[in-house]
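Below is one structure, written out as structure tokens, with a few remarks after it.
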Amino acid sequence: EPEVTQTPSHQVTQMGQEVILRCVPISNHLYFYWYRQILGQKVEFLVSFYNNEISEKSEIFDDQFSVERPDGSNFTLKIRSTKLEDSAMYFCASSATPGVRAFVEKLFFGSGTQLSVL
Amino acid sequence: GENVEQHPSTLSVQEGDSAVIKCTYSDSASNYFPWYKQELGKGPQLIIDIRSNVGEKKDQRIAVTLNKTAKHFSLHITETQPEDSAVYFCAATPPGGTSYGKLTFGQGTILTVHP
Numbered sequence: 001e002p003e004v005t006q007t008p009s010h011q012v013t014q015m016g017q018e019v020i021l022r023c024v025p026i027s028n029h030l031y032f033y034w035y036r037q038i039l040g041q042k043v044e045f046l047v048s049f050y051n052n053e054i055s056e057k058s059e060i061f062d063d064q065f066s067v068e069r070p071d072g073s074n075f076t077l078k079i080r081s082t083k084l085e086d087s088a089m090y091f092c093a094s095s096a097t098p099g100v101r102a103f104v105e106k107l108f109f110g111s112g113t114q115l116s117v118l
Numbered sequence: 001g002e003n004v005e006q007h008p009s010t011l012s013v014q015e016g017d018s019a020v021i022k023c024t025y026s027d028s029a030s031n032y033f034p035w036y037k038q039e040l041g042k043g044p045q046l047i048i049d050i051r052s053n054v055g056e057k058k059d060q061r062i063a064v065t066l067n068k069t070a071k072h073f074s075l076h077i078t079e080t081q082p083e084d085s086a087v088y089f090c091a092a093t094p095p096g097g098t099s100y101g102k103l104t105f106g107q108g109t110i111l112t113v114h115p
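Protein sequences appear in the order of chains A and B. With the first letter of the first sequence counted as 1, position 78 gets the number 78 in the working numbering; the numbers rise by one all the way through. With the first letter of the second sequence counted as 1, position 27 gets the number 27 in the working numbering; the numbers rise by one all the way through.
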């Protein structure tokens with residue numbers, strides 16, 4: 001069964017450093033997302049991406065965050081200058097095969113990248 | 001914006017019993033309500049969903065009910081098994097446009113099924 005793949009599973013970084021979290025969405029999906037979950041809190045929407053541009057972003061997704069689909073398979077989240085409060089589990093998700101727009105809301109999640117900022 | 005509240009935060013049942021998890025939402029425009037199951041070390045996995053034009057949906061031992069007037073929806077698991085033990089999340093999303101896939105999640109419920 002196709003799945004969303006995220007690497008690395010764990011990332012430790014120093015405050016102020018840049019990190020790139022990587023995701024390989026399901027191959028023929030059209031919509032891509034990043035969510036995060038701070039320990040003990042709800043899973044929160046960060047950004048959605050469609051047709052090579054951001055569709056919507058949350059208040060959390062400020063100028064230190066960026067997303068990119070550098071090729072036909074990868075989808076990345078970059079945090080330019082990490083802060084302690086960026087420590088969280090980051091989930092990538094994808095949805096919607098061409099011609100099946102009714103299922104665009106059915107998100108498939110990866111296993112997440114646990115980011116620890118020291 | 002949308003706010004989703006989920007109860008209970010933990011639920012412990014004996015194998016074979018039923019389990020019910022409840023969620024309320026605030027935005028009457030929300031029209032899609034998925035439920036996700038998250039096992040240890042894995043990402044959330046969609047187990048069932050319901051759209052606002054339907055009151056109930058069932059898939060084997062799992063069912064979801066929606067009350068649009070009261071703005072609440074529930075997950076029902078019958079004949080629970082130990083492998084049902086996981087964290088369950090409800091979510092809500094508004095109609096499409098740029099908000100496709102913009103899920104607002106509940107807090108999660110840790111379900112433990114004792115053999």
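Cβ coordinates follow ideal geometry from the N, Cα and C atoms, glycine included. Computed from a predicted structure; not experimentally measured.
Any Cβ of chain A closer than 7 Å to the Cβ of Gln14(B) would place that residue at the interface, and such an atom is absent. The beta-carbon of Leu107(A) is placed less than 7 Å from the nearest beta-carbon of chain B. Under the 7 Å criterion on CB atoms, Gln60(B) is classed as non-interfacial with respect to chain A.
Thr78(B) and Ser12(B) do not touch by the CB rule: their CB atoms are close to 16 Å apart, not below 8 Å. Identification of residues in the region 82-115 of chain B having a C-beta nearer than 9 Å to some C-beta of chain A yields Phe89, Ala91, Thr93, Gly96, Gly97, Thr98, Ser99, Tyr100, Gly101, Lys102, Leu103, Thr104, Phe105, Gly106, Gln107 and Gly108, given in sequence order.
For Pro34(B), the enclosing beta strand (DSSP E) begins and ends at Tyr32 to Gln38. Contact with chain A is found for Tyr32(B), since one of that chain's Cβ atoms lies less than 7 Å from the residue's Cβ.
Contact with chain B is absent for Gly40(A), since none of that chain's Cβ atoms lies less than 7 Å from the residue's Cβ.
Ranking Phe108(A), Pro2(A) and Thr113(A) by CA distance to the CA of Tyr33(A) puts Phe108(A) first.
Contact annotation for Asp49(B) against chain A: Glu105 and Lys106 [CB-CB distance below 9 Å, chain order]. Secondary structure note for Ser55(A): its beta strand (DSSP E) is the uninterrupted segment Glu53 to Lys57.
At the C-beta level, Ser48(A) and Glu56(A) come within 7 Å of one another.
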